[in-house]
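Worksheet: the structure to be examined is printed underneath.
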Amino acid sequence: MIRKHLVSSQTSGEPGFHWRGAEVTRLEGFTDAVFAFAVTLLVVSLEVPKTFPELLVAMHGFFAFGVSFALLANVWYQHYRFFRRYALENPWVVFLNCVLLFFVLFYVYPLKFLFTTIFNNTEISVSEARALFTIWSLGYVAVFAVFTLLYLHAWRIRAQLKLTPLEALRTRVSLLDQLAMVLIALLSTALALTMPDRYVGIAGYIYFIVPFYFAIAHSIAGRRQRQLP
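With the working numbering, the residue at position 97 of the sequence shown is 106, and numbering never jumps.
If you want it as structure tokens, here you go:
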């Protein structure tokens with residue numbers, strides 16, 4: 010329903026990029042259902058509080074749920090924008106879409122556990138922290154590797170899609186964005202496995218690179234965009 014509302018309210022797509030997807034397809038509908046189920050899994054283990062102290066305990070999970078929900082929403086929006094931009098549903102895209110949904114569902118609980126541990130200050134051993142950061146980062150790699158392959162496919166068939174120079178530039182920027190997320194997550198994985206015990210937390214802090222990357226990369230892309238005829 011959200012996707013259908015967004016599509017109906019978008020008459021020209023994003024500025025400078027014609028959105029080729031005009032209708033919500035069965036593949037997108039199936040994807041939305043899987044994402045809805047993934048969000049449900051974030052809270053399904055929480056029982057309705059019966060006393061005020063139980064309510065306070067449940068509220069301790071508010072921020073962990075909020076961050077987890079925001080990350081899932083971001084992945085959903087990335088999916089939504091890709092299919093609005095290119096309206097691709099060939100066998101390769103369908104396969105990659107199914108792989109993405111598999112990883113989204115598989116990593117819901119590690120995602121929730123990670124941020125619950127962080128916000129509740131749960132004590133875990135160094136070996137457990139290494140394993141947790143590794144699991145999280147590999148899941149991050151998997152999700153954005155799928156998006157990388159999706160955008161790589163769109164870039165390869167840009168002539169078939171009749172992308173304008175601006176659309177081709179934005180497609181390439183999006184491809185590089187997804188690849189950058191993969192590389193940052195791989196760096197985090199390497200740090201989680203190799204850093205001395207007292208510095209293993211750096212594997213998590215490395216993700217603060219992400220906003221700096223987007224600020225710099227999109228500033229450069231903006232200059233290139235203004236240079237287009």
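For every residue, glycine included, the Cβ atom is placed at its ideal position computed from N, Cα and C.
Integer Cβ distance of residue i from residue j, believed to fall under 8 Å
{"i": "A189", "j": "S146", "result": "Not quite, the Cβ-Cβ distance comes to about 14 Å (not below 8 Å), so this is no contact."}
{"i": "R167", "j": "T180", "result": "6 Å"}
{"i": "G148", "j": "F112", "result": "6 Å"}
{"i": "Y95", "j": "R29", "result": "6 Å"}
{"i": "V108", "j": "V155", "result": "5 Å"}
Short Cβ contact (8 Å threshold) for residue i with residue j
{"i": "L178", "j": "L120", "result": "no"}
{"i": "L114", "j": "V191", "result": "no"}
{"i": "L36", "j": "E98", "result": "yes"}
{"i": "L110", "j": "T40", "result": "yes"}
{"i": "F142", "j": "A79", "result": "no"}
{"i": "A199", "j": "V209", "result": "no"}
{"i": "V117", "j": "A47", "result": "yes"}
{"i": "A45", "j": "T125", "result": "no"}
{"i": "A226", "j": "L185", "result": "yes"}
{"i": "V247", "j": "A230", "result": "Any question about residue 247 goes unanswered here, given that the chain covers just 10 to 238."}
{"i": "V6", "j": "D206", "result": "The displayed coordinates of the chain run from 10 to 238. Any statement about residue 6 would go beyond what the structure contains."}
When the options are compared against residue i, the one with the closest alpha-carbon
{"i": "F153", "options": "F26, I225 and N106", "result": "N106"}
{"i": "L159", "options": "D41, Q187 and S228", "result": "Q187"}
{"i": "A3", "options": "T60, P62 and S197", "result": "This structure leaves residue 3 out entirely; the chain is present only between 10 and 238."}
{"i": "P24", "options": "V108, E176 and I225", "result": "E176"}
{"i": "F26", "options": "R90, V102 and H69", "result": "R90"}
{"i": "E137", "options": "Q87, L123, V103 and F112", "result": "L123"}
{"i": "G75", "options": "F128, E132, K59 and R232", "result": "F128"}
{"i": "R165", "options": "L64, I144 and V102", "result": "V102"}
{"i": "V8", "options": "V52, S228, H88 and H69", "result": "In the structure as shown, the chain starts at 10 and stops at 238, and residue 8 therefore has no counterpart that could be examined."}
{"i": "L81", "options": "L50, Y222, E132 and I215", "result": "L50"}
>> Runs of 4 residues minimum, wholly inside the stretch 97-160: which ones carry the alpha helix (DSSP H) assignment?
In response: DSSP assignment within the stretch 97-160 yields the following whole alpha helix (DSSP H) runs of 4 residues or more, N-terminal first: 100-115 and 117-128.
>> Extract the residue ranges of the alpha helix (DSSP H) inside the stretch 29-89, only unbroken runs of 4 or more that lie entirely within it.
In response: Taking only runs of at least 4 residues, the alpha helix (DSSP H) segments lying wholly in the stretch 29-89 are 35-52 and 61-68.
>> Extract the residue ranges of the alpha helix (DSSP H) inside the stretch 155-192, only unbroken runs of 4 or more that lie entirely within it.
In response: For the stretch 155-192, the full-length alpha helix (DSSP H) segments reaching 4 residues or more read 167-170 along the chain.
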